[in-house]
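Here's the structure, in structure tokens; my notes come after.
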Amino acid sequence: MPLVKVNELLHHATENGYGVAAVNVFNYETIKWVAEAANRERIPVIIQFYPGFDKYIALKHVAAIAKDFAEKSSVPIGVHLDHSAGYEIAVSGVRDGFPSVMVDGSALPYGENMALTAAVVKTAAVFGVDVEAELGHVGSGANLDDIVNSDHYTDVKQAVEFVKCTGCGSLAVAVGNAHGAYVQTPNLDFDRIASLRSALPIPLVLHGCSDIPPEQLQESVRLGMSKFNIATEYFRACYHGVVQHGDPTEKNGDMFRLMMETSENAIDFVRGKMRLLNPNKFTF
Numbered sequence: 003m004p005l006v007k008v009n010e011l012l013h014h015a016t017e018n019g020y021g022v023a024a025v026n027v028f029n030y031e032t033i034k035w036v037a038e039a040a041n042r043e044r045i046p047v048i049i050q051f052y053p054g055f056d057k058y059i060a061l062k063h064v065a066a067i068a069k070d071f072a073e074k075s076s077v078p079i080g081v082h083l084d085h086s087a088g089y090e091i092a093v094s095g096v097r098d099g100f101p102s103v104m105v106d107g108s109a110l111p112y113g114e115n116m117a118l119t120a121a122v123v124k125t126a127a128v129f130g131v132d133v134e135a136e137l138g139h140v141g142s143g144a145n146l147d148d149i150v151n152s153d154h155y156t157d158v159k160q161a162v163e164f165v166k167c168t169g170c171g172s173l174a175v176a177v178g179n180a181h182g183a184y185v186q187t188p189n190l191d192f193d194r195i196a197s198l199r200s201a202l203p204i205p206l207v208l209h210g211c212s213d214i215p216p217e218q219l220q221e222s223v224r225l226g227m228s229k230f231n232i233a234t235e236y237f238r239a240c241y242h243g244v245v246q247h248g249d250p251t252e253k254n255g256d257m258f259r260l261m262m263e264t265s266e267n268a269i270d271f272v273r274g275k276m277r278l279l280n281p282n283k284f285t286f
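Position in the sequence shown counted from 1, then plus 2, gives you our numbering.
The following block contains the structure:
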């Protein structure tokens, strides 16, 4: 199965009643484990990279590795650059080979966010690259106000205008979700999700899905949310795998063996999320 366009995958998910796990990665192993999970479950996945990790690994290396796994996969895999904070970062993702990029202007005033997103969409379109945008404030799970204050949530009427004027291919929305570990259990605004789904013709994206209760994620799938970003929980599963299989007293420690033993922890975590987001048991 060749590398699939992210927007095509998200539209397919919406039409077939499943959600796509979009899992953040940062090296060869974390990419490999996500791809392996997708192929074992027979469910599509999106491999994505946060550009702030470029001090650890270059964007072009992640794009090349992820696309290679996608092209050799027996199920559809999309490759995406997450959370570009400005035009230059988003376009660098296009330059370095990402078939899909996100531009996040949500911290800007509404008009500036619209202008930035439209500019990225115009440039990306030349190269056939999909663009995800964000409207509303998806803040930090460590900040209670970011979670519970509905003033931060995505306004439905604004979203309709924003999508029409920018031409973005998918939209990340704020509905009580936030990034990182939550200080309290989030309660997603399902009425707002339903209203956004009814009003917009493009796929919807939920950021900050780590530690959102399973029943809330499944209800979001039912209401038509398509892409579910997962980073914190995945990195935690990888870490716990290393801790479980590592032994600081071992004099002849073997990093290769440790990575091989750690892999099943990570793969099992991703498979579990895929099953959760696939309540109708759709498979390829």
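All residues carry an ideal CB built from backbone N, CA and C; glycine is no exception.
Check the Cα spacing between Gly19 and each of Pro4, Pro46, Val36 and Ile59: the tightest is with Pro46. For His14, the enclosing alpha helix (DSSP H) stretches over residues Val8 to Asn18.
Taking C-alpha positions only, Met227 is separated from Gly243 by approximately 30 Å.
Membership of Gly80 in the beta strand (DSSP E) is indicated by the continuous run Ile79 to Ser86. Per DSSP, the unbroken beta strand (DSSP E) holding Gln50 starts and ends at Val47 to Phe51. The beta carbon of Met261 sits closer than 7 Å to the beta carbons of Glu31 from its chain, once the five residues preceding and following it are set aside; these are given in chain order.
Residue ranges of uninterrupted alpha helix (DSSP H) with 4 or more members, entirely inside the segment 193 to 257 and ordered along the chain, are 216 to 224 and 234 to 247. The shortest CA-to-CA distance from Lys69 to any of Ile48, Ile59, His85 and Asp84 is the one to Ile48. Here His181 is bridged, per DSSP, to Ser142.
A distance below 7 Å between beta-carbons, with the five flanking residues on each side excluded, links Val77 to the following residues of its chain, in chain order: Met3, Ala40, Asn41, Arg44, Ile45, Pro46 and Phe286. In the three-state reduction of the DSSP assignment, Asn267 falls in the helix class, which pools H, G and I. Under DSSP, Val105 takes part in a beta bridge, and its partners are Ser86. A Cβ-Cβ separation of about 5 Å places Ala180 in contact with Ile149 under the 8 Å criterion.
For the segment 122 to 168, the full-length beta strand (DSSP E) segments reaching 3 residues or more read 132 to 137 along the chain. In the three-state DSSP reduction, Leu61 falls in the helix class (H, G or I). Checking the DSSP bridge columns, you'll see Leu173 partnered with Ala135 and Leu206. Here Asn115 carries a helix assignment [DSSP, helix/strand/coil]. Between the C-alpha atoms of Pro53 and His85 there is a straight-line separation of about 7 Å.
Apart from sequence neighbours up to five positions away, the residues of its chain that approach Ile269 with a beta-carbon distance below 6 Å are Trp35, Glu38 and Ala39, ordered along the chain.
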